[in-house]
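Have a look at the structure below, then the notes.
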Amino acid sequence: MLERPGRSLMQGSRHSVTAPGAFPLCLLTLLVPPLSLAAPISPAEPISQAYSLALYMQKNTSTLLQTYLQHQGSPFSDPGFSAPELQLSSLPAAAVSFKTWHNLDDAERLSRAQGAFLALTQHLQLVGDDQSDLNPGSPILLDQLGAARLRAQGLLGNMGVIMSALGLPIPPEKDTLGFVPFGASAFERKCRGYVVTREYGHWTDRAVRDLALLKAKYPA
Amino acid sequence: MMGISLCWRRPSAMVDDKRMRTTSGFLWLLSALILLCLVNQVNSQKKGAPHDLKCITNNLQVWDCSWKAPSGAGQGTVYDICIESRSHPCYRLNKTNIKIPALLPGDHEITIHSIHDFGSSRSKFILNEKNVSLIPDTPEIFNLSADFSNSTLYLKWNDKGSAFPHHSNVIWEIKILRKESMELVKLVTLNTALSDEDTVHHWSWVSDMPLECVTHYVGIRCYVDDLHFSGHKEWSDWSPLKNISWTPDSQTKVFPQDKVILVGSDITFCCVSQEKVLSAQIGQTSCPLIHLDGENVAIKIHNISVSENSGTNVVFTTEENIFGTVIFVGYPPDTPQNLNCETHDLKEIICTWSAGRPTALVGPRKTSYTLFESFSEKHVRFKRVDVSTKESYQLLFQMLPNQEIYNFTLNARNPLGRSEAAILVNVTEKVYPHTPTAFKVKDINSTAVTLSWHLPGNFAKINLLCQVEINKTNSAQEWRNVTIKGVENSNYLLVVDKLNPYTIYTFRIRCSTETFWKWSKWSNKKQHLTTEAVPSRGPDTWREWKSDGKNLIIYWKPLPINEANGKILSYNISCSSDEETQSLSEIPDPQHRAEIQLDKNDYIISVVAKNSVGSSPPSKIASMEIPNDDLKIEQTVGMGKGILLTWNYDPNMTCDYVIKWCNSSRAEPCLMDWKKVPVNSTETVIESAPIVAPNFTVEDTSADSILVKWEDIPVEELRGFLRGYLFYFEKGERDTFKMRDLDSGRSDVKVKNITDISQKTLRIADLQGKTSYHLVLRAYTDGGIGPEKSMYVVTKENSVGLIIAILIPVAVAVIVGVVTSILCYRKREWIKETFYPDIPNPENCKALQFQKSVCEGSSALKTLEMNPCTPNNVEVLETRSTVPKIEDTEIISPVAERPEESSDAEPENHVVVSYCPPIIEEEIPNPIVDEAGTASQVIYIDIQSMYQPQAKQEEESEIDPVVGGGYKPQMHLPINSAIEDIAAEDDLDKTAGYRPQANVNTWHLVSPDSPRSTDSNSEIVSFGSPCSINSRQFLIPPKDEDSPKASGGGWSFTNFFQNKPND
């Protein structure tokens, strides 16, 4: 009777402490690519770190999207703006049916997320460049885009570590953008920025779920 | 015209023939026939010869004449055309038109003779230029192209001017049609002149509608307005239409894209779409759609308003998609405001300006600035790395050698236009020097110093104007302006004279140029003490004979600081008469009197003050007193701390009056002070107490002492000879005013009398730490005590006391801790039971593995492993509040009844409950199963007393589980499978007390904590697992039972102390 609430309290507090505290650490450690791919380490630790980072990112994605839309003028900045029909061929969509998602194996799940965050990293760079033309006087937006890119890069690194810990092959880095984006009109830039920031949010949400699943599968 | 006359000739002949043939009876018929014949004849006559000659020209050089062939003329008809007045007047041809060179003005007779198979005919025409029509050739569009990005059409055509004989004006008419329905959009007329050559004309037109969205058609015609031509002039035919349409080459669907336009313009946006466009909006405003060909639509915006940084969005929405474009609406650059150019160093010109009205255009569309200098034809371009919010701009322009006058033009440009501002500067008149650096002061002598500073800049050709600020303590600021010849990037020197010796000055400097524009910023301040000089005056001296008449006391006053010119070190005194000279030398400074033995009365005494530089001029006084009997003091009136003295005027007096006074209560010589008064005055006020208190500061404080330091009082404010200082101190805060009466000798005010006037510091010792003290300092002379100056000082904390103050509580805490620990150690068992009983983890409870064991068919011994269901639970629940107690009564009531029944089955039910705790008690303290009643067993005595028989059975069962009657249910459990549960239950009712455990299903169906388990009447359900909470609840003994266990289980501190004696 006495022990039980005590234990659960401890668990709760431990949980809440790790989430924010672990973020800068894992960002730092995981930006460094794993050196020894031959010797897989325990996947529990990187999964937990990646999960913490994904949770942290999740808190900021809607702010990023809102900030982005506010700076693009109407109709983007209108309340409740949404254009799900807008997609980018170079950016995989995060939306997936639950059944498909659930049936993914670890390798598929991780490689999809890894590919998505690789594309997101490059796209966020592109959007940052676009916005420094369109909104050069809005450091808030430019800073948020820069931060999002760094976080996506961090999570990408995390995915790599997890994959190597699980002994999965890491897909080589590729240029997801190609030559397409140059010479795009301002409207296209605004739209693709919208798609990228939106998909960044969706992919972060999906990564949180992916990692939660993996976390349960590979407990510490 | 001639044709008509010909026609009339022949019918008249025919009428004559008919008249001869007809009779008079048929007159009416005849007349009708005549009419018919007439018509017929006319027609046949007309058709029988060439007629309707028409001539047109398209170039004024050749006339193209045509006529109608005579009736019946076939293929083989040949015409002879003869033009009168021509050298070769006749042409033979077999067609009905002819091109002839243009004829001269005037009538020309043309005869056309047609010869065909069944006859010939001849017609005559009179042809005049006036009857000729000038119809220019249909113009042909040479080229039609479009610049889609600018919505501009370019049209090229040839005027074919070489065909015309003379220069004439041409009017062109161009039409522009739009859409498949060919709506006329634009009709323009252009005037050109024809030259001898073919000229290609260009014309362009900017469409309000983007060219991408709809096909545009262009046609052209012309009208030659030749003044020399007298005939009829007509428009040419329209040229064949040429069109411009757009072939989609990208995803772009909305036009124009990324256009920059002026605020207030009108603009049309259009959308190329395959699907039906549902709506269009610009910003937040919806716009009515203008339908074009297909599904293409357009919207028209009037008076567009300024857009935000990222532009205004125009969006067309279809069922499945949105298409859009961004338009950047802004202003052309404003004229740069406040353009100003100046230089810091005559090397670089800095031009600054502000942008004026914002253009609302940023990024690649922002205003770019170029600064152009027209004399040197050089320019610099403004590059801004980051966006400044202040919209203030600055550009550097390198100065050119030998150029002083610069004509700057600042060009501002953005996609919407340009503007400029100009300024003509003589740069030598616009110098704003840098702040002087490396500012130093050096002594020259006691009244002059040299200032030196560094001023970067190429000032070799101009003069600098510099201003020195001189600050002296207690006196007004002084500024001196100096003009200095400028040098190339170097140090400057300036002599500042007319200073006072031995005085602290603060200097700083700033510079401008002779042609003043702006002062530089002030340099750093430098404080400087000028060197000492010889005292400028001898001290004020007086002498007084001692009462014995042999010793003369010489008094002198210290020199005021402005006359001392340094620190006075000593005084030299010499008394000289005609024969001898006595001198006292090197009397140190604070001493201001000397005694000298003189045997005569006729000496001249001179006093000289010396400082480190030298001696003052001597001040002399005769030793002999001047008779002053004539001088009468008329009045002495006390005035406050002074005395007003008046005397009679004596015109014989030539020098000064000296008034001396002394304290009459003292013995002679009692000189206190003297005062020199100019000869023309007859009254003065004598005062002798200092009028100020010495300034003092606290140099250092410690926990128990304060070090105080003070300064001299200036001589003028001392008014007498300083005798010493009084220093008072007492405890007190700033807000309290205790020290009202310092002289009343209050015991709490401590006083120190400092009589050594050379002493300037005092350490007050034996004070308390961290206490506020009120300090007061006063100076006094023979004439009285001066005013007071006070200060509050807090002494520092006493570190030793602090350490003690920390150590004692720590020590006390440690002792208390140790005592508590010992106490707790000794009472650990009781404390453990009271505050921290073991609570079984249900997961660890082996009883929960029961089913598993059942399935595995384990022996009865296995059931004993249910032991971990610790009896401590019993303890905890005993102390639970009312809710469990209610349950207790419910559960216990059957317990009370059952011993009376004394049946086998009933007590065994209780055994189920009680059986668990004893075992655990045995297992935990004594892992080896022990029959002996251990201490832990005693704890459960109240329960065991109720179930004592069962406990014994249980112990037996451990030894021989198969035999043990009390453990039957456990024996039965292996048999009790899900299939035969009913039968098993029946068995259990009869044979064993462990039904709850037997009813395996209930454990899964009913949570131990759920109300159902407690409310249920079924014993099976209510008892649940022996490890469950139900078991604990059941085990709670009745409240009224006086057991040591019950009292020991409480949480109150009274229990804690009650138990103490027991232990």
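Protein chains in written order, with my numbering: chain B, 1 to 220; chain C, 10001 to 11063. Positions of the beta carbon are idealized from the N, C-alpha and C atoms, including for glycine. This structure is a prediction, so every number in the text was calculated from the model and none was measured.
Residue i and residue j closer than 8 Å at C-beta
i	j	result
V10329 (chain C)	F10316 (chain C)	no
L10762 (chain C)	I10754 (chain C)	yes
Y10505 (chain C)	T10531 (chain C)	no
K10276 (chain C)	E10319 (chain C)	yes
A94 (chain B)	Q87 (chain B)	no
T10795 (chain C)	T10701 (chain C)	yes
Y200 (chain B)	A148 (chain B)	yes
L10465 (chain C)	F10516 (chain C)	yes
N10169 (chain C)	V10206 (chain C)	no
L10134 (chain C)	K10233 (chain C)	yes
First through last residue of the alpha helix (DSSP H) which encompasses residue i
i	result
A95 (chain B)	First-last for A95 (chain B): undefined, no H or E at that position.
T10435 (chain C)	Taken as a continuous stretch (DSSP letters only), T10435 (chain C) belongs to no alpha helix (DSSP H), as it is neither H nor E.
Q144 (chain B)	139–165
E10634 (chain C)	Unbroken run through E10634 (chain C) is the beta strand (DSSP E), 10633–10639; no alpha helix (DSSP H).
Three-state secondary structure assigned by DSSP to residue i
i	result
L25 (chain B)	Because L25 (chain B) carries a pLDDT of 38, less than 50, the predicted location of this residue cannot be relied on, and no value is offered for it.
G10417 (chain C)	strand
E199 (chain B)	helix
C191 (chain B)	helix
F11069 (chain C)	Residue 11069 (chain C) is absent from the model: chain C starts at 10001 and stops at 11063.
D10602 (chain C)	coil
G10161 (chain C)	helix
V10776 (chain C)	strand
F117 (chain B)	helix
D129 (chain B)	helix
E10275 (chain C)	coil
Y10406 (chain C)	strand
V10214 (chain C)	coil
W10067 (chain C)	strand
S10936 (chain C)	Confidence in S10936 (chain C) is poor, its pLDDT being 36 and thus under 50, which makes the residue's placement too unreliable to answer from.
M10791 (chain C)	strand
T204 (chain B)	helix
Q246 (chain B)	Residue numbering for chain B in the displayed model covers 1 to 220; residue 246 (chain B) lies beyond these limits and cannot be assessed.
L134 (chain B)	helix
Residue i, buried or exposed, once every other Cβ within 10 Å from all chains shown has been counted against 16
i	result
G10311 (chain C)	buried
K10366 (chain C)	buried
A152 (chain B)	buried
C10213 (chain C)	buried
L10292 (chain C)	buried
H10216 (chain C)	buried
M57 (chain B)	buried
T10513 (chain C)	buried
A10765 (chain C)	exposed
K10430 (chain C)	buried
G11141 (chain C)	An answer regarding residue 11141 (chain C) cannot be provided, because it is not within the stretch 10001 to 11063 covered by chain C.
M163 (chain B)	buried
Where the beta strand (DSSP E) containing residue i begins and where it ends
i	result
A10146 (chain C)	10141–10147
P10809 (chain C)	Where P10809 (chain C) is concerned, there is no enclosing beta strand (DSSP E), although the alpha helix (DSSP H) it sits in stretches over 10799–10826.
L10053 (chain C)	10051–10057
* Asked: Do the segment 10256–10268 of chain C and the segment 10232–10241 of chain C touch if we need at least three Cβ pairs shorter than 8 Å?
  -> no
* Touching or not, the segment 10277–10288 of chain C and the segment 10170–10187 of chain C, by the rule of three or more beta carbon pairs under 8 Å? -> no
* If you pair each beta-carbon of the segment 94–110 of chain B with each one of the segment 10335–10350 of chain C, do three or more pairs fall below 8 Å? -> no
* Using 8 Å as the threshold, is the segment 10125–10141 of chain C in touch with the segment 10153–10168 of chain C, meaning 3 or more CB pairs across them? -> yes
* Does the count of Cβ pairs from the segment 10368–10382 of chain C and the segment 10397–10410 of chain C closer than 8 Å reach three? -> By the Cβ rule, the segment 10368–10382 of chain C counts as touching the segment 10397–10410 of chain C, because three or more pairs are nearer than 8 Å.
* Taking 8 Å as the threshold, find out whether the segment 170–180 of chain B comes into contact with the segment 49–65 of chain B through three or more Cβ pairs. => Contact fails: fewer than three Cβ-Cβ distances are below 8 Å.
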